[in-house]
Amino acid sequence: MPVTLATDTVKITRERKFGYVVPALLLIVFFFIVPVTMLLLRSVLEPVPGMQNYAALLGSTTYLRVFLNTFLVAGVVTIVSIFVGYPVAWLLAIMPEKWSRIVLAIIILSMWTNLLARTYAWMVLLQRTGVINKTLMALGLIDKPLALVNNLVGVTIGMTYIMLPFVILPLMGVIRSIDPAILRAAALCGAGKLQCFLRVLLPLSLPGIVAGALMVFVMSLGYFVTPALLGGTSNMMLAELVAQFVQSLVNWGMGGAAALVLLVVTLTLYAIQLRYFNPARGK
Amino acid sequence: MTEPFLSIRGIRKSYGPVTAVKNVSMDIAEGEFMTFLGPSGSGKSTTLYVLAGFQDPSGGDILLKGRSLLSTPSHKRNIGMVFQRYTLFPHLTVGENVAFPLRIRRRPQAEIAERVKAALKLVRLEGFEDRMPALMSGGQQQRVALARALVYNPPVLLMDEPLSALDKKLREEIQFEIRRIHRETGVTILYVTHDQEEALRLSDRIAVFSQGEVDQIGTGPELYANPATRFVAGFIGDSNFLDATVVASDAGKAKLSLGDGSVVEGVPLHGTSTASGKASLMLRPERLSLSRAAVPSGIAVTVRDITFLGNNVEVSTATPAGVDLAVRLPFGHEAISNLARGEDAWLTFDTASAHAFA
Amino acid sequence: MLLDFDKLGGLKPLLTVLVVVVCIFLILPIVFIAALSFGSSQWLIFPPPSWTFKWYQDLFADPRWLFSALTSLKIAGIVTVLSVVIGFLAALGLNRGSFVGRDFLRALFLTPMILPVVVLAVALYALFLKLGLAGTTIAFVIAHLLIALPFSIISIGNALDGFDRSIEEAAILCGASPWEARLRVTVPAVSHGIFAAAVFSFLASWDEVVLAIFMASPTLQTLPVKIWTTLRQDLTPVIAAASTLLIAFTILLMIVAALFRKGRKA
Chain A
30 MPVTLATDTV KITRERKFGY VVPALLLIVF FFIVPVTMLL LRSVLEPVPG MQNYAALLGS
90 TTYLRVFLNT FLVAGVVTIV SIFVGYPVAW LLAIMPEKWS RIVLAIIILS MWTNLLARTY
150 AWMVLLQRTG VINKTLMALG LIDKPLALVN NLVGVTIGMT YIMLPFVILP LMGVIRSIDP
210 AILRAAALCG AGKLQCFLRV LLPLSLPGIV AGALMVFVMS LGYFVTPALL GGTSNMMLAE
270 LVAQFVQSLV NWGMGGAAAL VLLVVTLTLY AIQLRYFNPA RGK
Chain B
12 MTEPFLSIRG IRKSYGPVTA VKNVSMDIAE GEFMTFLGPS GSGKSTTLYV LAGFQDPSGG
72 DILLKGRSLL STPSHKRNIG MVFQRYTLFP HLTVGENVAF PLRIRRRPQA EIAERVKAAL
132 KLVRLEGFED RMPALMSGGQ QQRVALARAL VYNPPVLLMD EPLSALDKKL REEIQFEIRR
192 IHRETGVTIL YVTHDQEEAL RLSDRIAVFS QGEVDQIGTG PELYANPATR FVAGFIGDSN
252 FLDATVVASD AGKAKLSLGD GSVVEGVPLH GTSTASGKAS LMLRPERLSL SRAAVPSGIA
312 VTVRDITFLG NNVEVSTATP AGVDLAVRLP FGHEAISNLA RGEDAWLTFD TASAHAFA
Chain C
491 MLLDFDKLGG LKPLLTVLVV VVCIFLILPI VFIAALSFGS SQWLIFPPPS WTFKWYQDLF
551 ADPRWLFSAL TSLKIAGIVT VLSVVIGFLA ALGLNRGSFV GRDFLRALFL TPMILPVVVL
611 AVALYALFLK LGLAGTTIAF VIAHLLIALP FSIISIGNAL DGFDRSIEEA AILCGASPWE
671 ARLRVTVPAV SHGIFAAAVF SFLASWDEVV LAIFMASPTL QTLPVKIWTT LRQDLTPVIA
731 AASTLLIAFT ILLMIVAALF RKGRKA
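Below, the structure is given as structure tokens:
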């Protein structure tokens, strides 16, 4: 009977299929869950069981400065990225396609270019004898070169450069999904440009802004390469601290503790984003 | 002569080489319900957008009570508009949506509350203030949009195919509501649609748009009884067209030869007759009579199909040259009892009810 | 009106200027690096006093650069294949399966992407030290695979979401075995997702810095590790040459991806 045949095949394509995820699951369990758990355990087991690593980490001004640096840089990068990225995303969402294509190509090119190549470029551009200092001096805006690298200014510029595409692209999607007729309706209701923006466009794109901001903040908190190269040794961020404990100091207990702090902050913010600003849920 | 309430004067709109609106002019009286009727791409929506200020015309002017609107930005025009899609602000409740224009105008809180209530009452959505738009049906959302457009008493309300997203039954229900609201508020309405039935049902007058121009403006019966162009004749009501040659014309009446040898006289002629004298003869299906006995002056046809339409019966026929002619007769008419497919018949008509378009 | 490009009024020039400035900001370092790689100045003075291919000659004269590039290529190649195969199976299971905990697994598979890489790098480093795998190709492949896999699962999962599985069922009704149907009907239908998965997996591995730093040994380095260690010593223009080649490679990849998309539309 054809009917039985049909239901049989449905069973074939809709069986439970747990087997298919087993390779991925094995990989994740053995090389993700197990090592990360082990690392975190070492933070309370080494050198002796107890919370001394956390006490050392949270009780020292040196390490507190690292936390402060990390949050400061991540915060500034997030704010600058949103304030610059939002208007760009807005225009990109509505400009004629022949232009938006060019802008998108530039954004994607910068995003896909090797991270080290980009960071290297900023190291060269921002150095004392670099193009930016030379240009500013030639213009007579400054007398002697500004210190733009080996400090948090350099880190902020380099990280903003990396994070901007991550703000612009999703925000463009959010703004594109807003019906322009809603803004026309608002204008006919009597709202001027500023009111249209504050009362309609901004509230409608706010979930996208918050989600983008959280994402950039989280990514910035855990960033390693750019702070290590542009920040110099005296302006460490949290990810560098983790690496330093393990690589130079071979102190696995402290490394695990710093990793846990980073992990907890990251996952908490990520959970908030999932819970309240999941764009996939249409909210 | 008194100044017209709303005057559209020679509006043109082109995008590069493409001309969307060629030369649209009309006067609209206060409180009138004017419909722009036409197929898509005929320029009716563009004209409406120019009125709303979403597009700047390439030429022409729009006067409201004698004052040009064009230099006024959309948000200062004080015009109401209901869109094809619902365009409610998804982050605001129904009450906040309706209050939005009043908040923008900084009206006192008490007045806002009162007017929002009145507007929702007008569209029969009392008590829905705290709902979110996403949780309402399409018809309800469109009524909220209507309340929002009317709450600040705009002198003119624009409606851009507001019912096209709704199903047929809901559409008729809301058409009725729109008529009632028009009566109750006396607001001047400019309504865009491609649906002739909707236009006839709602409007005081209809402007028929075709290829960026207004072919004719008039009441429904005027357009139906006296179409100015072949396009209007074809767009309003059902119609048959026959190729004909103008033999002679005098004082707007023409003598036509129908090609099969028959000649008809006294047909109202529209448009200037060309040298070749070619013309289209338009015949309304319900104005045709069918005879089963040979009529010398009639058009000889063969019956192709008979369709029962309730109170009417439509007989599809074809001339020997293969032109289809539909005839509509009341149910039970003697001419069609036992009429069979393939039978020969003759069609006759009152020449005054026919129209010729050169 | 704020979303109608032609009715932005005074905002239009303002926003346009900002977009142009941001574009310059984004493209400047890339153009600059390419220009400097041909400049003769050892100290990266701009504009360069004269033009030269010297740094490219230095780059190709040093076998360690070439070797690290080959290492990167080999690892990225293996990672791409494994990531696409494991990702396809996982996406199929997540998309079609009816087992308990599916949503949890989906979230779990994507966590390596959101977790700070440095935590993963340090944790894996510790594990591989214990297992005696530190500094081996296997360690590299496993580490890179962990961050490439989420890209595969997302890309292929999205493609599977857009694929009507009754088509696969129809193929089975036509007599194909389930795996035959999958290979001959489903795989071609989601080929754009598989292609995207391959490109992203390759790039994820090819460009990975942090994991690679921890996986590397003095004898086994990928290209980013080689750049990193050189960079920590000095800002030699040889890196500009290497970076320029990487940028050229990226542009090539973008063109291939664009052509692939175009080919799919036609």
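Chains as they are written, first to last, in my numbering: chain A, 30 to 312; chain B, 12 to 369; chain C, 491 to 756.
Just so you know, even glycine gets a beta-carbon here, dropped at the ideal spot from N, CA and C.
Note that the structure is a prediction, hence the values are computed from the model and not measured.
Query raised in the report: What does A:T158 touch in chain C if you count any residue whose Cβ is under 9 Å from its own?
Result: W533, L534, I535
Query - Check whether C:A525 and C:V569 have beta carbons under 7 Å apart - result: no
Query raised in the report: Ends of the alpha helix (DSSP H) at C:A694?
Result: 681–697
**Report entry** Cβ-Cβ distance between B:A244 and B:L292 below 7 Å
**Finding:** no
Query raised in the report: Can you name the residues that DSSP bridges to B:A337?
Result: Beta-bridge analysis with DSSP links B:A337 to B:S327.
Report task. For the beta strand (DSSP E) holding B:Y202, just list the boundary residues, first then last. Result -> Start and end: 199–204.
Query - Inter-residue Cα distance where the pair is B:V127 and B:Y202 - result: A straight line joining the alpha-carbon of B:V127 with that of B:Y202 spans about 24 Å.
Query raised in the report: If B:I123 and B:L133 are in contact, beta carbons under 8 Å, what's the gap, nearest whole angstrom?
Result: Actually they are not in contact, since the Cβ atoms of B:I123 and B:L133 sit about 15 Å apart, beyond 8 Å.
Query raised in the report: Residues of chain C with CB under 8 Å from B:A65, in chain order?
Result: Going by the sequence as given, residue 65 of chain B is Phe instead of Ala. Here the neighbours are M491, D494, K497.
Query raised in the report: Just how far apart, CA to CA, sit B:A63 and B:G71?
Result: Between B:A63 and B:G71, the alpha-carbon positions lie close to 15 Å from each other.
Requested in this report: Quick one: which residues of the stretch 217–233 of chain A get their C-beta closer than 7 Å to a C-beta of chain B? List them in chain order.
Outcome: L217, C218, G219, A220, G221, Q224, V229, P232, L233
Query raised in the report: With 7 Å set as the bound, which would you pick, yes or no: does the beta-carbon of B:S85 sit closer than that to a beta-carbon of chain C?
Result: yes
Requested in this report: Note down, in chain order, all residues in the stretch 578–597 of chain C with a beta-carbon under 8 Å from any beta-carbon belonging to chain A.
Outcome: L579, A580, L582, G583, L584, R586, G587, S588, F589, L595
Requested in this report: Would you kindly work out how many angstroms separate the C-alpha atoms of A:A242 and A:L233, rounded to a whole number?
Outcome: 16 Å
Query raised in the report: Which two residues bound the contiguous beta strand (DSSP E) that contains B:W357?
Result: 355–360
Query - Inter-residue spacing [alpha-carbon to alpha-carbon] between A:V239 and C:I517 - result: 27 Å
Requested in this report: Give the straight-line distance between the Cα atoms of A:N280 and A:Q273, rounded to the nearest whole angstrom.
Outcome: Straight across, the Cα-Cα distance linking A:N280 with A:Q273 is about 9 Å.
Report task. Label A:L170 either buried or exposed according to how many other C-beta atoms from any shown protein chain fall within 10 Å of its C-beta, with 16 as the threshold for buried. Result -> So A:L170 counts as exposed.
Query - Boundaries of the beta strand (DSSP E) in which B:E276 is found, first to last residue - result: 274–281
Query raised in the report: What does a CB cutoff of less than 7 Å around B:E276 pick up in its chain, not counting 5 residues either side in sequence?
Result: K266, T362
Requested in this report: Going by CA-CA distance only, name the one from A:T148, A:A220, A:F226, A:A176 that's closest to A:T189.
Outcome: Closest option to A:T189, Cα to Cα, is A:T148.
Query raised in the report: Taking the continuous beta strand (DSSP E) assigned at B:K264, which residues delimit it?
Result: 264–268
Query raised in the report: Does the Cβ-Cβ distance between C:S530 and C:P519 come in under 7 Å?
Result: Going by C-beta atoms, C:S530 is not nearer than 7 Å to C:P519.
Report task. Give the DSSP-derived three-state secondary structure of C:G529 in the structure shown. Result -> strand
Query raised in the report: In whole angstroms, what is the alpha-carbon distance linking A:T36 and C:R586?
Result: Residue placement at A:T36 is flagged as unreliable, the pLDDT there being 40, under the threshold of 50; the coordinate-derived value follows with that caveat. Approximately 16 Å between the Cα atoms of the pair.
Query raised in the report: Pairing CB atoms from the stretch 254–271 of chain A with CB atoms from the stretch 608–616 of chain C, are three or more of them under 8 Å?
Result: Touching, per the Cβ criterion.
Query raised in the report: Which one of C:V715, C:V700, C:L582, C:D552 has the shortest CA to CA distance from C:S642?
Result: C:L582
Query raised in the report: Using a C-beta cutoff of 7 Å, does B:H344 count as contacting chain A?
Result: no
Query raised in the report: Assuming A:L181 and A:V102 make a contact with CB atoms under 8 Å, what is their CB distance in whole Å?
Result: 6 Å
Requested in this report: Express the C-alpha separation of A:M124 and C:V507 in angstroms, rounding to a whole number.
Outcome: 13 Å
**Report entry** N- and C-terminal bounds of the beta strand (DSSP E) containing B:E41
**Finding:** First-last for B:E41: undefined, no H or E at that position.
Query raised in the report: Is it buried or exposed for C:A748, if we count other Cβ within 10 angstroms and need 16 for buried?
Result: exposed
Query raised in the report: Taking DSSP as the reference, what is the three-state secondary structure of A:G48?
Result: helix
**Report entry** Enclosing beta strand (DSSP E) for B:K289 [first to last residue]
**Finding:** Counting along the chain, the beta strand (DSSP E) containing B:K289 begins and ends at 289–294.
Query - Identity of the residue in B:L99, B:I22, B:G27 nearest B:T74 by Cα - result: Sequence check: residue 74 of chain B is Leu here, not Thr. With distances taken between Cα atoms, B:L74 lies closest to B:I22.
Requested in this report: Name the two residues that bound the continuous alpha helix (DSSP H) containing B:E208.
Outcome: 207–213
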